[in-house]
Structures are given as C-alpha cells and as structure tokens.
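Everything on this sheet refers to the single structure shown next.
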Amino acid sequence: MKFDTPAGANPTDRMAVLGKAHTHVEGPLKTTGRAKYAAEFQDAGPDLAYGYILGAAVAKGRINSIDTSAARAAPGVITIVTYKTVKPLKTGGFFVQRMLAGPQVDNYHQAVAVVVAETFEQARAASALIRVDYAREKGSYDLAASKDTAPPSPTEEFGGPPVIRVGNFERAFAAAPVKVDETYTTPDQAHAMMEPHATIARWDGDKLTCWSPIQQLDMGKRDLGMIIGVPKDNIRLITPFIGGGFGGKGTTQSDLALAAVAARQAGRPVKLALQRPLMFNNTTHRPKTIQRIRLAAGRDGKLTAVSHDSWSGNQPGGRTEPTALGTRFLYGGENRLFQRYLARLDLAEGNALRAPGEAPGMMALEIAMDELAEKLGMDPVRLRVLNDIQHDPEKPERRFSSRPFVQCLEEGARRFGWQDRPTAPASRRDGRWLIGMGMAAAIRGAPIAKAGARVRLDRAGIVTVETDMTDLGTGSYTIIAQTAAEMMGVPIERVNAKLGDSTFPMTPGSGGQLGAASSTAGVYAACMKLRETIAQRLGFNSGDVDFSDGQVRSGERSVPLTDAARQGDVVAEDSMEYGDLAKRFEQQTFGAHFAEVAVDRFTGVTRVRRMLAVCAGGRILNPLTARSQVIGGMTMGIGAALMEEMAVDTRFGFFVNHDLAGYEVPVHADVPHLDAYFVDEIDATMSPVKAKGVGELGLSGVAPAIANAIYNATGVRVREYPMTLDKHLDQLPTIA
Amino acid sequence: MKAFTFERATSVQDAAAKAGSVQGARFIAGGTNLLDLMKIEVETPTHLIDVNGLGFDKIEKTREGGVRIGALVSNTALAADMRIRRDYGVLSRALLAGASGQLRNKATTAGNLLQRTRCPYFYDTNQACNKRKPGSGCAAIGGYSRQLAVIGSSDKCIATHPSDMAVAMRVLDATVETVDGAGQTRTIPIADFHRLPGDTPHIDTNLKAGEFITAVTLPRPLGGEHVYEKVRDRASYAFALVSVAAVIQRDGTGRVAVGGVAHKPWRIEAADAAMPQGPQAIASRLLAGARPTHENAFKVPLVERTLAAVISEARAA
Amino acid sequence: MSNPSELELSRRGVLTVGAVTAIGVSAPVLAASENATTGASTPTIPVSFEVNGKAEHLSLDPRTTLLDALREHLHLTGTKKGCDHGQCGACTVLVGGVRINSCLTLAAMHEGDTITTIEGLGSPEKLHPMQAAFVKHDGYQCGYCTPGQICSAVAVLDEIKRGVPSHVSANLTDRPRATGAEMRERMSGNICRCGAYSNIAEAMAEVAGARA
C-alpha cells in the first residue's frame, strides 16, 4: 500500500481500541519473570558454550603479540578467537567501529579475544590468562583540545550539510539590540540499558541463528552479514524482548558479531554477554559536544538571527552529533547559520542515543533562550510563543504538517502553575533549599518508513500479527495489537502480536522514534488487505464493509468474522510505503517541559521536586504506554541534567567510570512524581494511523528545563552539563 | 575470577589459623565487596573460608555501658537496632546512607570496615595502581580524580576509603576486637585500624595475616545531637563526595569526622576542639595541609559548607 | 542433529595439523587447531537449597554465584543479570524473605537456604498483588529490571512493616511509614533505565495502602 496523500477517514478513526489506555499486553510475562530475553534461550543447543571478551588494555596502538597458550590450556576452554584465527572482520553499514582489534587497536576495550569455554566461570577466568603485548600509539582523546583544528564535518545522512545559511546572519547579529553568544558543553553519555548486550549464536550449516537484542532487525542482519561475510539471507535474528536499548542496540554490536564468529570457530552454539564494565568503552555512546549558540532579537523579543555551531568527535568515518537538527525548525528568525565540525578522536564510537541531535542540541539552545528571555526581561514561555513559526524557516513555502507547539507551552504553563515562578533568580527559599522553576521547549523529528506485517485470522477467531518490529518496553506489542483489533473489529484479547523475529515481514524496527508510527501503519496495510480478502470470502461485494464487534457488516447483512476462517486461515501480508509527504511537509513532534528544583544552599546539590511535560506526538495510540515513554525520557533527562558523564582520561584515552557505580544514572530517590500530558493532535500527513512517536520527544528539552530551574534557584548560570555541585559551589552565597 | 577452593568454617580458631597459614586464603562473609573485586581479578584468593556459620551476629551491652557489635551483624541489622538508633544515631544514619537495601542486608560490620577503595583506577586492571599492584604506579594522579582524596594522600596513592559506617565509628571512638590463629585477641582503636597510603598503599589496615575481626565495640553513649550528612550527586545508592559525621552537644562542643576525603575516616583533635568556633574554624583544622587535585579541589570548600549544614541541623534539633 | 560446519571443522582440524596458515584465506575459520582439547574440568562442590518451594541439589564450580546458579543451572531466568557487580539490583531475590543481590553471593554460601525468585512470587495466571500493581500502573517498560524491582518492592514493604529505618526517616526511633519518600529511598538499589520510577512508586503505594 502506498501512502502519498494525507489520510482521510478510515477504520482507525473509530478509536474503540486505539487511543485507549491499555496495559502492556506482555505485562504478566514481564512481571513474573517469564518474558525470555535473547540470551535466555538456553535451548539453542544442549552443547551451548560460553564466550567472554577480553578488551584492549590500550586506547590506540598495535598488538605486537598475543599469547593464548595459558588460556587455551585452562580448564574447560574450547577455543579462543583473535584476529589471527578469523578472516578480517569488516564494518557494518551503520556503526563504523571494528568489532575485533588486531593488529590495530582503535579504542580502549575493543575486543582483542573471545574465549569460549564450557562454562561462564571458565571462560571468564581463562580470558585473564591471555597475554597481549601492545605498542601504544599516541591518540587524540580531548574534544576541547581538538576543537580549534576540527574540520567541518562531511554532509551526512542524519545531519545534512555542514553549513546551512539563510539570509545574512553576521549582519543581523551585529545590528541586533539584544543578543546572547554563549558556549555550552554536553558530556559523553552512556546508554546504560539494563540488559547488557548479550547474544546466543548457533550455526546450522551455513545458516546462522542469533538470539540477540537488536532494535532494528533488518539492519542488524545486514550489518552482521557485512561484518562476518555471510549473506544476509542466511541470518536469522530473534529477540522477542529487548531489555532497553536507547540506540545502543540499534544494530550489530560486538556481542552479536563475536558470538557468531566464536560459534563458528567453536563449532558449537555460543552465548556471549558483554560484562558491564566493558560496555562503556567497547560499544557506542552519545558523544560529547561543544556548542556555541548565538541568538539576536529585537526589543520586542522577535528573533532576528539564530546560529548554532557544534563540535563533536569520532573515530574515522563516524558521524557528527547533529545538535542543530531541532534548532533549524523550532523558532523563527530570518537570518540563520548552522555549522557543524567533526574532530578525530580515538575514543569508542559516538553514535545514536535516544534523540540524537535534539537531546544535546536542546540542552544548549534552550539555556540560550532562557538567557535571552532574561536579557529581554521577558517571560521565557512568552518568548517562545512569540517566536513560533508555521513554516520551515529554510523553505518558507513548506508548512509544518501539524504544530501545536504554542498549545504545549501554554497548557504546560497553566498546568504547572508557571505564573507562580519566582521571576528574580535566587529569590525563593524553603529552609536550607533554594527553590527555582525553569522550562524548556522540546522538538524531535517525526520520521516514518516502510514497514510490513502479516495478519492471519484463524478458525478460533484469533488475529495473529507478525512483524519484525521490536519491543524495548516502548509498547510495540500493545499498540500493534490495538491497531489490529481496531482494524479487524475484535477485542484486543483476540489479537496475538508476534514480534522480534527477522523472518517476519520487515519494519524499520525501533529507533529514531519511528517505530510506533511505522509499524502500526504496516499493520494497517496488512489489515486492509485482510479485510478485503475476508469481505470477498464472505460474499460482500460493496466496498463499504464495516468490521466491528466480531462481525462483518454491510448494509443490512451481518456475518460473524470467524465465518471467514471456517475453511482455513485467512492470511494477508502487505507493507506501507511512502510518497513525498515528508518532503512537502515538515513533520515534527513538539513539547514543553517544566521543572521545579531545590538546590541545597550549603552543599550545592540539586534535587528535582516536580516536573511536567506537555507533548504533541500526533494520534496517541495508547495514552498509558505513551505517557510511560515520556516520563521515561524525563527520568533520563534528570540524569543528563544532574549526574551523567562518562569521564575521559585524556592521557590514556578511555572512559574511566565504566560501570554502573561510576557512571551514575538516576535512582528512585532522584525522581519525584512526574506528570505528562498530550495535546489532542492528529497528523494525517504521517500515515493512515495519523500517529507520530513520543519516546525521544520525552527526553528532548528535559535537561535544559532543569538547568534553567537551577539558575532560577541560584542566580548562577552554569553552561556545562551535568550540573553537579562543583560547577556552582564557589558562586553560591556564602554561609553565615 | 580465579579458581579457588571453598570451605565452611566451623570454628573461629581453625578459620584464623588457616587464613594465617594458607597462602592466598581469605575469609568471606557478606562477600559484597570481595566477590565484586574477584570477578575482575583485583582480588585473587585461592582459598575462601566462609565464616557465616560462626555466629558473631549479636549486639550486646558491654560492662562499660557501651555496646559490642558482632563482626557478622549485617549493616541492616545494625542500623535497625533500637539501641544504636537511640544512643548512636550517627552510626545508624551513616549505615543507612550507604549502599542499597540489598547490599546492607548482606554486608557485615567487619566487611564494611574492610571495604576497599572505589578508585576507578584500582578497579581497572589495565591501569597502574600501587594499591592493586605495588610498584606499578598511580594512574589516578593526574587522571580522573573527582572522587579521590584531598588529604593524607601520598605520591603513591590518592585513594579514599569508601565506607560511611567507618566514619561514624571513628567519631564514636569505636574499637575493633580481633583474634588470630593462635587464639590471641587484641583490641585496635578505630583511629589505628585504617592506614594512610604512604609508600604502602596496598596495605589498607593494620590487621595481621589471618587476624579475624570478632566485634566492634562502642564506648558509652555520648549524648548530644547525632548527624551524618552525606553529599553525593545522586540522591541515593552512591558513594560520598564528602560526608560529615558529627556528635554535637548543646553547648556547641562536640566531635566530627569526615569521609570521602582521605584513605581513612578523617578526624583531627584540633578540629574537635574548634567545634564551638564554627565551620570555618573546624574545616581549616581538619583540612590543614590538604593537597587536592584540580578535579577535587571543590571538596575543600564543600567540607566547610557541609559542616555548616550539620551544625545548623544540630542547632535546629 | 549433525552440524555440517562442525564436521567440516573437525575434518579440517585433522587435515591441517601443522599447516595453520595455509587454510582459511577463503574460509573464515583459519585455525581449527585453535580449539583446545577440552576435558580438564573444574572441581565442583555440592550445594543444596530450596528455590520457590522446590529442593534443589546442585554440583557447582565454587565460583558460581547464586545468580548464575539460578539462571544457568536451574534455568530460572526471571532473575536478571544487569551488571553482575551489585550496582543495579536486577538480580534481587529473597533469601529467607530478605532481599539481596544474587550476583554478589556464591551459591555455595546458601547451603540449606530458602530462596524465592520472581517466578516464585506469582505466575501470569496468578499474579502476586505487587506484580498485578506493576501491570496496572505500568511500573516497567523493557521489563529487564522488573523482577528485581518487584522482589525488592515486596521486601521493602516488609522492612517498613518490621520497623527498619531508612536514610530519609525523619526520626530514627519512630516507626517508619510507607510514604513516597520512604519507598523511593528504599527502592534506590534497583535501577530502571527506562525510567518507570514514578509508576513503580504508585504501584507500591497501592499495595501498601491495601495492606494498611
């Protein structure tokens, strides 16, 4: 099915099942420990062996020699994979990092060897017996030191061209009466999902089956095939559940590639999980950024010039963090300049982490907006409302498909009690706490991509949906079941959604907040086809056939749906493809975040007291699971604002705090009750389902709302994340 | 984790004798720190003696009017004991500020004292660390040192002791009771239990090989206000950047110990004497001669400001 | 099932003794001789305990943690390995009704113990009240930390009931109450990266309220 004109009325509009709060359909499995994650498929083979990775001890250098003799002689060891035992591994089509070092080492903890043994304990112990002699080489690990020599980044798929100019920024900026010109930094951040990267790989002849938590199974297959030199079609990936990914499990990582290689070499199925302390340097992360924001406005608060320059670093071929993605579409201002630079760094690869681009971009832009509001003596909400736009500022003929941004801002302000905000910084106290309120806007692109599904109606009246879509906890199972239930006119209990198997019809999977919109549109297409087949089978000739309450109706005639499957299952498969609506319309999601914080006037520690988000994400398919996505983003935003940073040792080139004790993410005690609301929105340019995504929107804009609240509490402006106490302690009022 | 043999101890004498004589033997009780470090081969015992069956799990009144805490009393049980809560509140508070509920259920009194540093370079066996591998150097010096020591450190080691409990015990003048393989018992004042790194940072405490901690004894209750203030980036389940344990009397006198700043719980007599003079006077005596790194210099003013918070809280109580 | 690649491997292993570098230019596996001859195994020790009401007798490598014994030997994979270092709480189980991190304890240290895992609390057909409350309040997303959260939550309410104080208890000698702040502090050893904390607090409040 092709979608190339905005959707009209269709069966999803009934909203009998869609749009209703429904608990996760897999909830009873997850809460009782019965949900099986990839590396828990013990029945992959009775002879399942265990792999354990030895990570490189240097960040950059060459392996002079590897001595595996002691390890090979250790109890239970079956085989040891090193670059000397396998054909050179290539890189995949998305991540550029090499999965196995040798002889060159590209980054710290890059895999140097995989020990395969009968048990986990044996593999782990033997890995420590491998002796590797390295020739350390000088590397580049410090973004700040590389900033001034970093070249403009290449034109990139996600970031676009390195320089974008509209009007004459320099002249407008120079002429403006009110301006902000500040530099902000965001640190390297870790996905730190709870389930480690963990795979079971099994070969059957030249066919490879891997149980592996990969968000985008088709891409995972492609990349695994490229890396180990196996045709994509010989690979099957299975992952009914994923224990969190946030982009870190977007496609093939070292656990998958090396489990496959190790299983081949061992001649046995191999289970390989990355040990937590290896994950931070071995896999991808969100890279550190330095961002210079220049904003100029008239005294009326109207932006006249907007510039967002950004620096990040990466391994050769790696991408630039596209921090200006959101800035390009959030506010007006006729004169615009966006420049992106990419330094060569020899740290682990920087890549996508939930809302890549927008999340760190908003962390800078939205503080700058707060600074501008203060200079203008204007309320920060009002400044944003004033600079709302309805057209793409780079192509004025292009409208936003839907943009309830002002509604988000105003509804958020009202619900949060923004009018009660202390207008003067450092003016409110509650005992030992300095109290402040802050807000920030959120924007995140609303991509959608071709997705398929297969739908089957059986004799018992059960509708089974199969797609290779994944569920990281986002609610894919639930919204897919809801979509099929709505389309086929059955209760959700009659739908069996089967996901996470690459043999099922292809979707883009989970990533870039396109999963919900894309996969449900694919289900729509398949269900439309199934409806057609069923209608024909039941002898309905008219095009106006209604599927509801388990009945198929047209005119006066009504037949039970199950009658259609009396002679056998009815199956339909289709996919949704897209025309040029995404070119004709700028499709984005919007939101507004509000935060109240308390800063300890003694120690400078910040705690969040309450937070609220109002979001616009198209049709909300399930308000319960969508809200959970947003509050999940808000929680991650608390981490980004207050604590998360992978500390770089710029001498030896690695992230030092590489475990969950050193890399602090928010715990229960950091997170108060969180409020999240959605504005009513239907975006008919997206798909017949009229939905967008919300999972990444929920993070975009959270950290700067907290940062602005901290400023409001203390009067000390910090421009460097995370906003730990040491960043402002020396400027806090002295203690009497 | 290197292979080891495992036995369940049946008598403290045998256990101590074995620990003293078998090369690479170690006691294991809660195991929360030892196993953590064994998995990454920072610790590599060849023989583990499980002492959990030996008792030592009572909290009893002493003849002197204090309490004796069995070495194997869990952190939870100690924090929840009504006598401790009533008479030694700073100790309950310190315990409850540490780790997580699960860890406190398993971690023991003796094990908590014997915790090893959380210096990230100690934890990373690829890095030079004099504490882990004597003579290999200290990668933390000149590296990521935000969490590390500002005082009492050496050019061999800038690690801190991670315990909260030990800071409170230091302010309470606890004593550590031990027995060795020969049946010899001794009592070590908490002030002398942990060492400064000096040239031998691999030696954390003054325990002898095979010496087994049987109890920690607290002297008679001090009265006064008991406060434990722990400063950390996240609200819970994190090690201290700085912590202050204090017992403050109505007249403003009292005693104070600081955690997160040194290789051992940090207490200076002159600082105690300066208690009535306020945070600046206390802090300047506590941290006289501090040698912070660029990354942890903030701890010096932070100690003073945390002291101010503690004094203010004690006054308000 | 006979595995062709395995056969091929062993044949190659025979054929290529002493000629390691000659193979593999076309084949990904360069050296079958890398494969060690297994056989030397690690000595094991017997350990017996009860898991979810069932007596279990295992013979284990002494290095086996309780977590790995549950997951790899008893195939009770509901208990999760998130960090294996006591830094996340995903492996939380109840031993004698008390919550601990099963990753930081050896199986051999639990001789005679009574262990309850998430599988023992309830089943999809018969949810424990805490499990039902998590479902109702959407107290999870990816589900990986969830078994640990639920085991912890059950134990936390019990700890409050038993009067164990916490870091946020205003007065150490008062009996603690199941307030939001108390539950949040006590649950802090269970990390949820998906950020379901706010919903978990509500699930727990419901169960605590029902009890009170």
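Residue numbers (my numbering), protein chains in the order written: chain A, 705 to 1440; chain B, 8 to 324; chain C, 619 to 830. Glycine is no exception: its CB is placed at the ideal position from the N, C-alpha and C atoms. Keep in mind the model is a prediction, meaning the values are calculated, not measured.
The segment 1205 to 1223 of chain A and the segment 1144 to 1162 of chain A touch, with three or more beta-carbon pairs separated by less than 8 Å. Here H691 (chain C) is not near L712 (chain C), since their CB atoms are 8 Å or more apart.
Check the Cα spacing between G797 (chain A) and each of A:T955, A:Y1228, A:P855, A:I904: the tightest is with A:T955.
Remark: C-beta atoms of A1000 (chain A) and A1130 (chain A) do not approach each other more closely than 8 Å. For the 8 Å CB-CB criterion, A252 (chain B) and A101 (chain B) form a contact.
For F1033 (chain A), the uninterrupted alpha helix (DSSP H) segment begins and ends at 1031 to 1034. The DSSP-derived three-state label of D837 (chain A) is strand. Using a Cβ distance threshold of 8 Å, P981 (chain A) and I275 (chain B) do not count as a contacting pair. With a cut-off of 8 Å on Cβ pairs, the segment 806 to 821 of chain A is in contact with the segment 830 to 845 of chain A, counting three or more such pairs. Within the DSSP secondary-structure output, P664 (chain C) pairs in a beta bridge with C:S677.
Inter-residue distance for V800 (chain A) and G929 (chain A) is about 14 Å (C-alpha atoms, whole angstroms). Taken in chain order, the members of the segment 975 to 1002 of chain A whose beta-carbon sits within less than 9 Å of a beta-carbon on chain B are Q979, P981. Residues of the segment 931 to 949 of chain A that bring their beta carbon within less than 9 Å of a beta carbon in chain C comprise I932, G933, V934, F945, I946, G947, G948, G949, in sequence order. Residue contact check for I733 (chain C) against chain B: no CB pair falls below 8 Å. Per DSSP, E276 (chain B) is one residue of the alpha helix (DSSP H) stretching across 276 to 280. Judged by their CB atoms, E1385 (chain A) and F1104 (chain A) are not nearer to each other than the 8 Å cut-off. Between L1080 (chain A) and L1087 (chain A), the C-beta spacing is below 8 Å.
Counting the other Cβ atoms within 10 Å of the Cβ of A725 (chain C) gives 16 or more, which makes it buried.
At least 8 Å separates the beta-carbon of A36 (chain B) from that of G217 (chain B). Near chain C, meaning a CB-to-CB distance below 7 Å, no residue of the segment 1120 to 1152 of chain A qualifies. By the rule that beta-carbons nearer than 8 Å mark a contact, G1321 (chain A) does not touch chain C. Residue ranges of uninterrupted alpha helix (DSSP H) with 4 or more members, entirely inside the segment 115 to 144 of chain B and ordered along the chain, are 116 to 120, 127 to 130.
By the C-beta criterion, the segment 807 to 825 of chain C is judged to be in contact with the segment 740 to 758 of chain C, since at least 3 inter-stretch pairs fall below 8 Å.
In the structure shown, the three-state DSSP call for S850 (chain A) is helix. Taking 8 Å as the CB threshold, L692 (chain C) stays off the interface with chain A. With contacts defined as CB atoms closer than 8 Å, C763 (chain C) and C701 (chain C) fail to qualify as a contacting pair.
Taking 8 Å as the threshold, the shortest C-beta distance from R793 (chain C) to chain A does not fall below it. If you ignore the 5 residues before and after Q749 (chain C), its C-beta comes within less than 7 Å of the C-beta of L739, G740, I768, all in its own chain and listed in chain order.
Inter-segment contact for the segment 202 to 213 of chain B and the segment 45 to 64 of chain B is absent: fewer than three beta-carbon pairs are separated by less than 8 Å. For V1010 (chain A), the uninterrupted beta strand (DSSP E) segment begins and ends at 1007 to 1018. Beta-bridge pairing by DSSP links K975 (chain A) to A:Y754, A:I904. The Cβ of F305 (chain B) sits no closer than 8 Å to any Cβ of chain C. For A146 (chain B), the closest C-alpha among the options A:R1355, A:H1377, A:V1422, A:P1376 is that of A:R1355.
Distance check between T1428 (chain A) and each of A:I1439, A:V809, A:T1438, A:I1410 places A:I1410 closest, using alpha-carbon atoms only. In the three-state reduction of the DSSP assignment, V1369 (chain A) falls in the coil class. The segment 160 to 180 of chain B makes contact with the segment 121 to 134 of chain B: 3 or more CB pairs, one atom from each, lie closer than 8 Å.
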